[in-house]
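*Asks:* Sharing a structure below in structure tokens format, with a few things to ask.
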Amino acid sequence: MVLPLSVQATLIDFDALPDGNYATVGDTSFSLVGEGVTGDPIKSSLLGSGYLFNSSQPFLLPTNSILRVDFNGLVDNLMFDFNGFGPEASLMTWRIFDENLTELATGNDLTASLASFDLSAFSGISRIEFFNGGGNVNRFFGLRQISFDSQVASVPLPHTILLLVSGLLSFALVRKHRSQI
8 MVLPLSVQAT LIDFDALPDG NYATVGDTSF SLVGEGVTGD PIKSSLLGSG
58 YLFNSSQPFL LPTNSILRVD FNGLVDNLMF DFNGFGPEAS LMTWRIFDEN
108 LTELATGNDL TASLASFDLS AFSGISRIEF FNGGGNVNRF FGLRQISFDS
158 QVASVPLPHT ILLLVSGLLS FALVRKHRSQ I
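Pasting the structure below:
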């Protein structure tokens, strides 16, 4: 029996979550990776709004990944709010990948402040990574919110299965009764 798929919309809003460490939220994993990144990804209201927040060390050349978001399955309609704080923050970039870790798109935070990115033109995304831009300063970064759609199997409720079974049994009993008449 093949179950139909339905779309599940997910919004992770760090501004609405309490301060603390967040390695996972639901089925989505957040990890600090790459050289020069220390500690855990934390949600901090230090800057007035809630961000999944950390920093990278200065003098990291060439650029490297500093924050990775892995989705449980492939997602569509990806949108996120990202902020690079401090000098040279506009050098920070993001990259999205498919299930084979082939890069689908790249972009950067040219504003060096809170920016919203709408990547709904891309589908089949398995990962997003944020990269420092090299340079000679310590860079702080924050992910404020992220939203996406994922495909999930529509699992029938237990009572619908019971209704199906009882209907089939009733049909079989009626058929047997008619054959005896």
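Under the numbering used here, the first residue of the sequence shown is numbered 8, with each subsequent residue one higher.
Glycine included, C-beta positions come from ideal geometry on N, C-alpha and C.
Fair warning: this is a prediction, and the values are worked out from it, not measured in the lab.
In three-state terms, what does DSSP make of residue 179?
*Replies:* helix
*Asks:* Relative to the C-alpha of residue 129, which residue among 104, 151, 35 is closest?
*Replies:* 104
*Asks:* With distances taken Cα to Cα, identify the nearest neighbour of residue 111 among 82, 59, 27.
*Replies:* 82
*Asks:* Between the Cα of residue 27 and those of 17, 153, 58, spot the shortest distance and give me the residue it belongs to.
*Replies:* 58
*Asks:* Do you know how far the Cα of residue 85 is from the Cα of residue 177?
*Replies:* 48 Å
*Asks:* Would you list the one or two residues that DSSP bridges to residue 136?
*Replies:* 75, 102
*Asks:* On a CA-only basis, which of 175, 22, 174, 39 is nearest residue 77? Give me that one, please.
*Replies:* Among 175, 22, 174, 39, the Cα nearest to that of residue 77 belongs to 39.
*Asks:* Tell me whether residue 5 is buried or exposed, calling it buried when 16 or more other Cβ atoms sit within 10 Å of its Cβ.
*Replies:* This structure cannot speak to residue 5, because the chain is shown only from 8 to 188.
*Asks:* How should residue 50 be labelled, buried or exposed, when 16 other C-beta atoms within 10 angstroms of its C-beta is the threshold for buried?
*Replies:* buried
*Asks:* Going straight from the alpha carbon of residue 73 to that of residue 107, what length do you get?
*Replies:* 20 Å
*Asks:* Just to confirm my understanding: we take residue 19, look at its own chain, exclude 5 residues before and 5 after, and list those with CB closer than 6 Å. What are they?
*Replies:* 32, 153
*Asks:* For residue 127, collect the residues of the same chain with a Cβ closer than 8 Å to its Cβ; drop the 5 residues on either side in sequence, then sort them by chain order.
*Replies:* 83, 84, 85, 86
*Asks:* Does the beta-carbon of residue 135, which I'm using as the reference point, lie nearer than 7 Å to any heavy atom of the ligand NAP?
*Replies:* Of the ligands one can find in the structure shown there are none, so the ligand NAP has no counterpart to examine.
*Asks:* Using only the alpha-carbon positions, how far apart do residue 139 and residue 170 sit?
*Replies:* 56 Å
*Asks:* Exposed or buried, which one is residue 48 when buried takes at least 16 other CB atoms within 10 Å?
*Replies:* buried
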